[in-house]
Each structure stands twice: as structure tokens, then as C-alpha cells.
Amino acid sequence: MNISFLGATKTVTGSNFLLEGAGKKILIDCGLYQGKAAEERENYADFPYNVNEIDFLLLTHAHIDHSGKIPKLYLDGYKNPVIATKATCDLCSIMLPDSGHIQEMENEWKNKKRIRKGLPARPPLYTAQDAINCIELFKPVQYDEIVELTPDIHVRFNDAGHMLGSSIIEVWIKENGNEKKIVFTGDLGNNDIPLLDSPTMIETADYLVMESTYGGRLHIRNDDKAEMFLNIVAETLDKGGNVVIPSFAVRKNTRNTI
Ligand SMILES: [Zn+2]
595 MNISFLGATK
605 TVTGSNFLLE
615 GAGKKILIDC
625 GLYQGKAAEE
635 RENYADFPYN
645 VNEIDFLLLT
655 HAHIDHSGKI
665 PKLYLDGYKN
675 PVIATKATCD
685 LCSIMLPDSG
695 HIQEMENEWK
705 NKKRIRKGLP
715 ARPPLYTAQD
725 AINCIELFKP
735 VQYDEIVELT
745 PDIHVRFNDA
755 GHMLGSSIIE
765 VWIKENGNEK
775 KIVFTGDLGN
785 NDIPLLDSPT
795 MIETADYLVM
805 ESTYGGRLHI
815 RNDDKAEMFL
825 NIVAETLDKG
835 GNVVIPSFAV
845 RKNTRNTI
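Going left to right, the sequence shown walks through residues 595 to 852 as this note's numbering numbers them.
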């Protein structure tokens, strides 16, 4: 068995792991690099594996830094299942075409600059239509359901409490009669937050691949957070000001809201 860390290493976006075992090659997440220009250029690089040799893609959740390169994978020839929870599949059917639309818009703007410099125009990473096409690969599963990928490989998606449909994925792989369990946490939520359930407690693992973005930070308690927020609102309104609240939202039939 082999695990390769191909994204979201020494940085927080572009999640992509390759798990090889029991004669199969399985990707976990296929995310876009987002944020820094140098990292975003990496999105155009070839995948560091033969796309046609990949048997399954397991998707922890719909955020674009975990899912945003699936349309490129599809364009490069991947036609096997993308396995995710139903909510993740539904969200991806909105968010990936929206990401394609953003790719097209940004590319148009970048091409204007390239042409001015005498460089050739280039196509977008993928289009909204490419993203719509790749949705045919998505296969929804339920939380807590043991799914057989092959007689030697089983997986289970557990609620990660991070966003609607987000999952901690357990993978059991049997090789030469010896079974190992690998756990991919994806992004993890907090306990006791509004709207979302707390992350599932996973009791055991032989190998644990874990999100650690805010692992070195102490979180403010929810009650304290609410009080701080109310104080800011009250104070601003007292002064006759306006409160502008940036929100991280997904809405259907809109653009640029991710
Ligand atoms: Zn996330």
C-alpha cells in the first residue's frame, strides 16, 4: 500500500491524495489551488499520475479547494466514479459549473493581457460546460453506509461537521489477507456549532491523514464569539455606522458567490 501527498502540503488548498493498494489506484479529493498566483499557476500543470489508471475518486466535500479540479480530471480522460455524499454531489452540481464560469471569465481577462504582451491566448482550465459534463461521474452514498469498491476495498463516509455533506472517509484495504484502515478526515468542523452536527468520532485507524490548518490555534468559545459579535453590532449602530458582514455562501443561479 502506498499513499502519495500531491496537494495541500505546505499549503492549505489543492487537496489531492493518491492511495494505491489491493491492485487499485484511488484518489481522495482533487482540489484547486486557490489564493496565491504562483500556486494558482500550478492548476495548469499535468496531473502527477496517469489519469487513465485511476479507478475511483473519493470526495470528502464540495469546497473548491477539494473538488475544483474534477472537471480538469474529466477533461484529461477520467471517466470512473466520483464517490461522495448526496449533499456533496448536489452542491458540486452547482459549485463546479460556477467555478468553470469563473475560470472562463478570469481566462478572458488574462488572455487580453497575454495578447497585449504578444503571447498566444490559451483556453481556460475548464469551462462551465465541462463542469456540467463531469457531474455524470458522481455517485452519491449515504453517511455511515459501508460501500464495497472491490471485494478487498471498502469505504465509509462519516459526517465531518465542516459543511453540508462533508465527510471523514474510512478506507479498509485488504492485501495478502492483511487488512489496514486508513482515515482521511477532509476538513474538520467544530463541536456544538449551529446548523451542523459535530464531527463523527472515529475510534481506530492504522493510518490517519488529517487536516491541520487551524490545529495550532485555540478557538474562541461559541458563546464568547456571539457576545463579541453582538458588541460589535451594538457599538457600530450606536455610532450611527453600518455593519458589513462578509459571508461564505453557496446559492443556486448566481455567480461569484462561492
Ligand atoms: Zn472545506
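Beta carbons are placed, not taken as given, at the ideal position from N, Cα and C, and that holds for glycine. This structure is a prediction, so every number in the text was calculated from the model and none was measured.
Burial state of residue i (16 or more Cβ within 10 Å)
i: Asn850; result: The predicted model places Asn850 with a pLDDT of 49, which falls under 50 and marks its position as unreliable, so this point remains unresolved.
i: Ser693; result: buried
i: Leu860; result: This structure cannot settle anything about residue 860, because the visible part of the chain is limited to 595 through 852.
i: Gln736; result: exposed
i: Met822; result: exposed
i: Met689; result: buried
i: Thr848; result: At Thr848 the pLDDT is 47, less than 50, meaning the model places this residue with poor confidence; the figure from the coordinates comes in the next sentence. Classification for Thr848: exposed.
i: Pro718; result: buried
i: Lys833; result: exposed
i: Lys663; result: buried
i: Ser661; result: buried
i: Ser752; result: According to the sequence provided, residue 752 is Asn. The question's Ser does not apply to it. Per the 10 Å Cβ criterion, buried.
i: Pro788; result: exposed
i: Tyr720; result: buried
i: Arg811; result: exposed
i: Val777; result: buried
i: Thr798; result: exposed
i: Asp800; result: exposed
i: Ile826; result: exposed
i: Trp703; result: exposed
i: Ala828; result: exposed
i: Arg635; result: exposed
i: Pro793; result: buried
i: Ala722; result: buried
Whole-angstrom C-beta distance between residue j and residue i, which should lie under 8 Å
i: Pro876; j: Asp724; result: Beyond the ends of the chain as shown, which are 595 and 852, falls residue 876; an answer cannot be given.
i: Asp623; j: Asn637; result: 14 Å between Cβ atoms; not a contact.
i: Ile677; j: Val741; result: 7 Å
i: Thr605; j: Ala754; result: So it is not a contact: roughly 20 Å between Cβ atoms.
i: Leu731; j: Lys774; result: Wrong, their Cβ atoms sit about 27 Å apart, outside the cutoff.
i: Gly671; j: Glu633; result: Not quite, the Cβ-Cβ distance comes to about 24 Å (not below 8 Å), so this is no contact.
i: Ala656; j: Cys686; result: 5 Å
i: Ala602; j: Gly625; result: 7 Å
Delimiting residues of the alpha helix (DSSP H) encompassing residue i
i: Asn836; result: First-last for Asn836: undefined, no H or E at that position.
i: Thr682; result: 680-710
i: Pro665; result: 664-669
i: Asn727; result: 722-728
Beta strand (DSSP E) segment containing residue i, residue limits
i: Ile658; result: Careful: Ile658 lies outside any beta strand (DSSP E), inside the alpha helix (DSSP H) at 658-661.
i: Asn596; result: 596-601
Quiz prompt | Secondary structure, alpha helix (DSSP H): runs of 4+ residues fully inside the region 736-815 | solution = Whole alpha helix (DSSP H) segments, 4+ residues: zero.
Quiz item: For the 8 Å Cβ check, are there 3 or more pairs between the region 755-764 and the region 779-795?
Solution: Verdict: yes, contact present.
Self-check item: Ordered list of alpha helix (DSSP H) runs contained in the region 615-654, each at least 4 residues
Solution: Whole alpha helix (DSSP H) segments, 4+ residues: 631-635.
Practice problem: Evaluate contact between the region 813-820 and the region 830-843, counting only Cβ atoms and requiring at least three cross-stretch pairs below 8 Å. | Solution: Touching, no, given that fewer than three Cβ pairs across the two stretches are closer than 8 Å.
Practice problem: Could you say if the region 702-722 and the region 676-684 meet the contact criterion of at least three C-beta pairs nearer than 8 Å? | Solution: Not touching, per the Cβ criterion.
Practice problem: Spell out a yes or no on whether the region 608-618 and the region 728-746 are touching, meaning 3 or more CB-CB pairs, one atom from each, closer than 8 Å. | Solution: Because the criterion of three Cβ pairs below 8 Å is met, the region 608-618 and the region 728-746 touch.
Exercise. Check each residue's C-beta against every heavy atom of ligand 3 and list, in chain order, those closer than 5 Å.
Key: Of the ligands this structure carries, namely ligand 1, none is ligand 3.
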